[in-house]
Amino acid sequence: MAKEQAAVIILFGGSGDLARRKLYPAMFGLFQRGYLQKRFAVIGTARRPWSDEHLREIVVDAVKTMPGATLEQAQSFASHFYYQSHDVTDADHYITLKTLAAKLDDQYQVGGNRIYYMAMAPNFFATIAEHLKSEALLTDNGFNRLVIEKPFGHDYASAKALNDSITATFDESQIYRIDHYLGKEMAQAIMALRFANPMIENVWHKDFIQNIQITLAEAVGVEERAGYYEQSGAIRDMIQNHVMQLVADLTMAKPDSLTSEAVHKVKGDVFDHLHVYTPEEACDNFVRGQYTAAVIDGDAVTGYRDETGVAKDSLTDTFVAGKILVDTPDFEGVPIYVRTGKRLTRKSTQITVVFKPAKDNLFNTSDEPDTLTICVEPSEGFDLVLNGKKLGQSNDLIPENLAFRHDPKLAKQAPEAYERLIQDALQGDQTNFTRWTELAKTWQYVDSILDAWQNNTTMPEYPAGTMGPKESFDLLARDGNEWHWQPTHVKMAD
Ligand SMILES: NC(=O)C1=CN([C@@H]2O[C@H](COP(=O)(O)OP(=O)(O)OC[C@H]3O[C@@H](n4cnc5c(N)ncnc54)[C@H](OP(=O)(O)O)[C@@H]3O)[C@@H](O)[C@H]2O)C=CC1
Ligand SMILES: O=C1O[C@H](COP(=O)(O)O)[C@@H](O)[C@H](O)[C@H]1O
Numbered sequence: 003m004a005k006e007q008a009a010v011i012i013l014f015g016g017s018g019d020l021a022r023r024k025l026y027p028a029m030f031g032l033f034q035r036g037y038l039q040k041r042f043a044v045i046g047t048a049r050r051p052w053s054d055e056h057l058r059e060i061v062v063d064a065v066k067t068m069p070g071a072t073l074e075q076a077q078s079f080a081s082h083f084y085y086q087s088h089d090v091t092d093a094d095h096y097i098t099l100k101t102l103a104a105k106l107d108d109q110y111q112v113g114g115n116r117i118y119y120m121a122m123a124p125n126f127f128a129t130i131a132e133h134l135k136s137e138a139l140l141t142d143n144g145f146n147r148l149v150i151e152k153p154f155g156h157d158y159a160s161a162k163a164l165n166d167s168i169t170a171t172f173d174e175s176q177i178y179r180i181d182h183y184l185g186k187e188m189a190q191a192i193m194a195l196r197f198a199n200p201m202i203e204n205v206w207h208k209d210f211i212q213n214i215q216i217t218l219a220e221a222v223g224v225e226e227r228a229g230y231y232e233q234s235g236a237i238r239d240m241i242q243n244h245v246m247q248l249v250a251d252l253t254m255a256k257p258d259s260l261t262s263e264a265v266h267k268v269k270g271d272v273f274d275h276l277h278v279y280t281p282e283e284a285c286d287n288f289v290r291g292q293y294t295a296a297v298i299d300g301d302a303v304t305g306y307r308d309e310t311g312v313a314k315d316s317l318t319d320t321f322v323a324g325k326i327l328v329d330t331p332d333f334e335g336v337p338i339y340v341r342t343g344k345r346l347t348r349k350s351t352q353i354t355v356v357f358k359p360a361k362d363n364l365f366n367t368s369d370e371p372d373t374l375t376i377c378v379e380p381s382e383g384f385d386l387v388l389n390g391k392k393l394g395q396s397n398d399l400i401p402e403n404l405a406f407r408h409d410p411k412l413a414k415q416a417p418e419a420y421e422r423l424i425q426d427a428l429q430g431d432q433t434n435f436t437r438w439t440e441l442a443k444t445w446q447y448v449d450s451i452l453d454a455w456q457n458n459t460t461m462p463e464y465p466a467g468t469m470g471p472k473e474s475f476d477l478l479a480r481d482g483n484e485w486h487w488q489p490t491h492v493k494m495a496d
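Numbered according to our numbering, the sequence shown spans residues 3 to 496.
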């Protein structure tokens with residue numbers, strides 16, 4: 003039986019989209035698995051004047067169709083939920099919240115353990131942290147942990163200001179900054195693949211790796227989020243956080259152990275060694291793009307500048323591709339090509355490590371590089387493509403794929419990213435959360451690219467449904483490389 007965790011969880015933004023779509027199902031998963039049983043309560047807060055009963059109905063609706071759920075189980079879970087209507091900018095409401103949290107602490111015997119979960123627009127994060135301090139909500143007999151959603155800042159200066167304000171209330175050991183990619187199964191599997199297999203560990207090095215490629219492709223467009231996305235673009239939305247964290251997972255040295263401290267130590271070393279480009283180099287090594295209208299499978303798809311809420315002359319990047327260099331002794335000179343975008347061919351997150359070719363090729367045909375592709379989603383597993391010998395009487399080479407995929411049925415039953423991360427926060431494990439020092443470095447890196455782009459107003463375009471603009475393919479071609487993308491290499495739009 004799973005170890006039961008005890009806490010009062012105060013959820014700021016309890017009526018919001020994230021809470022309904024991700025957080026309530028994630029907490030329900032923990033309930034089904036026994037991590038949450040009897041000794042927990044959730045206070046959802048927001049302005050709308052809901053009752054406890056109404057929030058419970060919302061929670062039941064959010065979880066009742068989850069695998070293995072029964073209505074009775076969903077209702078039993080929802081009975082732990084309480085609602086408090088308040089405006090987070092109003093100090094009085096923290097006093098009511100404090101009284102309710104203390105009462106539930108007693109009622110559910112949680113021993114003073116508190117999680118404060120900020121699932122609201124980021125402009126409220128600092129205000130909430132300040133009020134938690136000024137109205138003395140933190141307990142002194144249990145743990146107090148702050149879980150904070152993205153985006154953590156808009157650039158280095160705003161991220162630092164936010165960090166300064168939350169660290170006036172919480173110290174780093176109490177702060178759990180969410181990057182949901184770190185909760186994904188195959189992102190978490192990178193360490194096992196790298197450090198539990200000497201066969202792989204021994205070649206994970208600049209002497210053997212030709213390049214690394216990370217693709218986070220989305221088929222969806224900007225949807226209803228233009229207000230946020232216009233201020234963000236793909237580089238802030240996906241590169242500064244998710245992509246950079248994957249870069250660190252792929253290039254960090256072997257940690258001394260699997261503790262959070264040991265893992266963040268080696269990750270920190272990667273961020274300290276990011277190769278920062280001059281403005282001219284930044285423009286050469288980072289390209290952007292914007293999707294234009296297209297017909298996909300017979301359906302007309304709107305171009306970015308015609309999406310609701312987007313400026314007709316918008317220079318927001320809906321696609322970014324870049325070459326990242328990490329100047330550590332093990333990876334110096336190895337190009338790490340990254341790309342992400344909206345309205346690409348299909349939803350797929352993949353990482354491909356391209357190995358250097360054999361030194362002396364004894365065979366008739368040219369050998370393809372060995373590649374290891376980590377399929378993060380939608381399918382989860384990896385492909386190791388090696389040179390084999392063509393069947394029959396010849397010495398011709400042929401690429402052969404050793405493919406592994408998790409059984410989709412079992413993968414579906416495994417905890418989803420948010421469930422893993424909330425469980426980690428309850429257990430006090432910060433391994434899969436981002437540290438301020440990591441964010442500081444990645445923001446400074448991204449700021450340097452954004453600054454360089456400011457003087458260059460050309461915006462390459464790509465038709466919706468393709469894999470980005472020509473410039474992305476040119477970036478690799480210049481180095482004699484090409485994008486690998488399973489199951490087939492996808493070519494650029496004509
Ligand atoms: N939705 C998603 O899939 C994802 C969201 N995130 C992040 O999660 C956070 C929340 O996003 P999301 O749920 O989509 O946002 P929503 O706009 O859906 O929810 C915002 C919540 O904040 C409440 N709220 C707004 N203003 C106030 C106020 N002044 N006082 C008290 N409550 C207030 C709203 O309720 P009310 O109007 O009743 O006050 C609502 O509960 C953001 O930081 C976002 O970037 C991150 C990844 C994915
Ligand atoms: O953080 C974000 O991630 C999603 C993509 O997440 P995924 O788990 O579906 O790969 C992206 O759509 C969104 O714009 C961004 O804010």
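Ideal Cβ placement from N, Cα and C applies to all residues, glycine included.
Less than 7 Å between the beta carbons of G467 and I298, yes or no? Cβ distance < 7 Å, so G467 and I298 count as in contact.
Judging by CA-CA distance, which residue of F172, E187 and H95 is the nearest neighbour of P410? P410 has its Cα closest to that of E187, out of F172, E187 and H95.
Going straight from the alpha carbon of A442 to that of D369, what length do you get? Cα to Cα, A442 sits roughly 42 Å from D369.
Quick one: Cα of P401 to Cα of R341, how far? Taking the straight line joining both Cα atoms gives about 25 Å.
Report yes or no: do three or more beta-carbon pairs, one from the stretch 77-91 and one from the stretch 50-58, lie closer than 8 Å? Enough Cβ pairs lie closer than 8 Å, so yes.
For A495, three-class secondary structure by DSSP: Reliability of the predicted coordinates at A495 is poor, the pLDDT of 36 falling under 50, and the value obtained from them is presented with this limitation in mind. In the displayed model, A495 falls within coil according to three-state DSSP, outside both helix and strand.
Let me know the secondary structure DSSP gives Q292 once reduced to three states. Strand, per DSSP.
Can you give me the Cβ contacts of W206 inside the same chain, cut-off strictly under 7 Å, excluding the 5 residues immediately before and after it? Here the set comprises R196.
In angstroms, rounded to a whole number, what distance separates the CA positions of Y178 and Q247? Approximately 15 Å between the Cα atoms of the pair.
Residue(s) in a DSSP beta bridge with K341: What sits at residue 341 in the sequence shown is Arg, not Lys. Paired residues: T217 and A323.
Does the structure place the stretch 258-269 close enough to the stretch 223-231 that three or more beta carbon pairs sit under 8 Å? As far as the Cβ criterion goes, the stretch 223-231 does not touch the stretch 258-269, which means the pair count is below three.
Relative to ligand 1, is the shortest distance from any of its heavy atoms to the C-beta of M246 smaller than 6 Å? Closer than 6 Å to some heavy atom of ligand 1: that does not describe the Cβ of M246.
Determine the DSSP secondary structure at R49, reduced to helix, strand or coil. Three-state DSSP puts R49 in coil, outside helix and strand.
Please give me, in chain order, every unbroken run of the beta strand (DSSP E) with length at least 3 that falls completely inside the stretch 72-123. Runs of the beta strand (DSSP E) spanning 3 or more residues and lying entirely within the stretch 72-123 occur at 83-87 and 116-120, in chain order.
Am I right that I180 and E151 are in contact with their C-beta atoms under 8 Å? What's the rounded C-beta distance? A Cβ-Cβ distance of about 5 Å is found for the pair I180 and E151, placing them in contact under the 8 Å criterion.
Tell whether a beta-carbon distance below 7 Å holds between H244 and Y306. No, the Cβ-Cβ distance between H244 and Y306 is not below 7 Å.
Residue-level contact to chain B via CB, A427, 7 Å cutoff: Among the chains in the structure shown there is no chain B, since it carries only a single protein chain.
Distance check for W485 and G324, CA to CA, integer angstroms please. Cα to Cα, G324 sits roughly 12 Å from W485.
Rounded to whole angstroms, what's the CA-CA distance from Y339 to N213? Just pull it up for me. Rounded to the nearest whole angstrom, the C-alpha separation of Y339 and N213 is 7 Å.
When DSSP labels each residue in this structure, what does Q503 get in the three-state scheme? The first residue shown for the chain is 3 and the last is 496, placing residue 503 beyond what the model contains.
Is there at least one non-hydrogen atom of ligand 1 closer than 6 Å to the beta-carbon of L139? No, ligand 1 has no heavy atom inside 6 Å of this Cβ.
Run through DSSP, which three-state label would A466 get? DSSP places A466 in the coil class of the three-state scheme, outside both helix and strand.
Is any heavy atom of ligand 4 found at a distance shorter than 6 Å from the C-beta of A48? In the structure shown, ligand 4 is absent; the only ligands present are ligand 1 and ligand 2.
Less than 7 Å between the beta carbons of P462 and P471, yes or no? The Cβ atoms of P462 and P471 sit closer than 7 Å to each other.
DSSP state of L388, grouped into three classes? Of the three classes helix, strand and coil, the one that applies to L388 here is strand, per DSSP.
Starting from N125, follow the alpha helix (DSSP H) in both directions and report where the run begins and ends. That residue, N125, is in no alpha helix (DSSP H); it is neither H nor E in DSSP.
Residues bridged to A43 by DSSP? Beta-bridge analysis with DSSP links A43 to V10.
Identity of the residue in S167, Q456 and K314 nearest C285 by Cα: Selection S167, Q456 and K314 evaluated against C285 yields Q456 as nearest (Cα-Cα).
Runs of 3 residues minimum, wholly inside the stretch 151-216: which ones carry the beta strand (DSSP E) assignment? Runs found: 177-179.
Secondary structure of E309, DSSP reduced to three states: Three-state DSSP puts E309 in coil, outside helix and strand.
Thinking C-alpha only, which one of T444, I216 and L346 is nearest V356? The candidate whose alpha carbon is nearest that of V356 is I216.
I need the DSSP call for V278, collapsed to helix, strand or coil. DSSP places V278 in coil when its eight states are reduced to three.
Sequence-distant residues of its chain with Cβ nearer than 7 Å to R41 (five each side left out): If you ignore the 5 residues before and after R41, its C-beta comes within less than 7 Å of the C-beta of E6, A8, Y110, Q111 and V112, all in its own chain and listed in chain order.
I'd like to confirm something about D301: is its beta-carbon nearer than 6 Å to some heavy atom of ligand 2, or not? No.
E132 and S175 look like a contact to me (Cβ under 8 Å); what is the Cβ gap, rounded to whole Å? 20 Å between Cβ atoms; not a contact.
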